[in-house]
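Trainee:
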Amino acid sequence: MSHGRRLAPGSWRPSVTTCRSAQLQTLVSRAVTLFPEDTVLAALQVMHRHGVHVLPVVDGHDGELLGEVTEGELQRLSGCAPLARLAEILTVKAVTTTEETTAVPYEALVSAAPRAWLH
């Protein structure tokens with residue numbers, strides 16, 4: 001049973017590893033993540049340990065974001081399928097941008113980011 005892991009710095013997909021801000025790279029590499037092979041029960045344990053209610057699910061090979069799971073979703077499933085893998089229940093949420101999308105300054109990300117997301 002896995003208990004949430006971090007990808008090693010540099011194992012993220014190129015669009016993240018090439019970010020220009022070393023501070024942002026540190027923030028990203030310290031994020032608590034789940035993997036498709038993690039179970040509902042293991043994911044809930046990771047959330048409780050870190051005091052968070054939503055976690056990203058990433059590909060274990062390249063760190064690509066696959067979707068997210070919430071504590072509420074997992075708690076609903078924990079009674080009937082505690083050993084179900086996240087890959088079996090994950091709803092993929094597309095992330096899209098438009099020409100009007102603007103970059104968010106690092107300072108805004110840090111001030112808005114909940115501290116509980118970091119180790």
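Position one of the sequence shown corresponds to residue 1 (full-length UniProt numbering), numbered consecutively onward.
For every residue, glycine included, the Cβ atom is placed at its ideal position computed from N, Cα and C.
Just to confirm before moving on: does the CB-CB distance between V69 and F35 stay below 9 Å?
Mentor: As a working note, residue 69 is residue 69 in the sequence shown. As a working note, residue 35 is residue 35 in the sequence shown. Their beta carbons are not under 9 Å apart, which means V69 does not touch F35 by this criterion.
Trainee: Which runs of the alpha helix (DSSP H) at least 4 residues long sit entirely within the UniProt domain "CBS" (27-85)? Give them in chain order.
Mentor: You should have 40-50 and 71-78.
Trainee: Work out the CA separation of A31 and G51 for me, nearest whole Å.
Mentor: For the purposes of this step, residue 51 is taken as residue 51 along the sequence shown, with counting starting at 1. For the purposes of this step, residue 31 is taken as residue 31 along the sequence shown, with counting starting at 1. For G51 and A31, the distance between alpha carbons rounds to 13 Å.
Trainee: CB-CB under 6 Å to L74, same chain, minus the five flanking residues each way: which ones, in chain order?
Mentor: As a working mapping, residue 74 is identified with position 74 in the sequence shown. Only V40, A43 and L44 meet the Cβ criterion.
Trainee: Could you compute how far the alpha carbon of P82 sits from the alpha carbon of E64?
Mentor: Numbered from 1 along the sequence shown, position 82 holds the residue referred to as residue 82. Numbered from 1 along the sequence shown, position 64 holds the residue referred to as residue 64. Going by the C-alpha atoms only, they are around 25 Å apart.
Trainee: The ligand NAD and L77: does any heavy atom of the ligand fall closer than 8 Å to the residue's C-beta?
Mentor: In terms of ligand content, the structure shown is empty, and the ligand NAD therefore cannot be addressed.
Trainee: With a CB to CB cut of under 6 Å and the five nearest residues on each side skipped, what residues in its chain are close to T33?
Mentor: For the purposes of this step, residue 33 is taken as residue 33 along the sequence shown, with counting starting at 1. Contacts found: P56 and V58.
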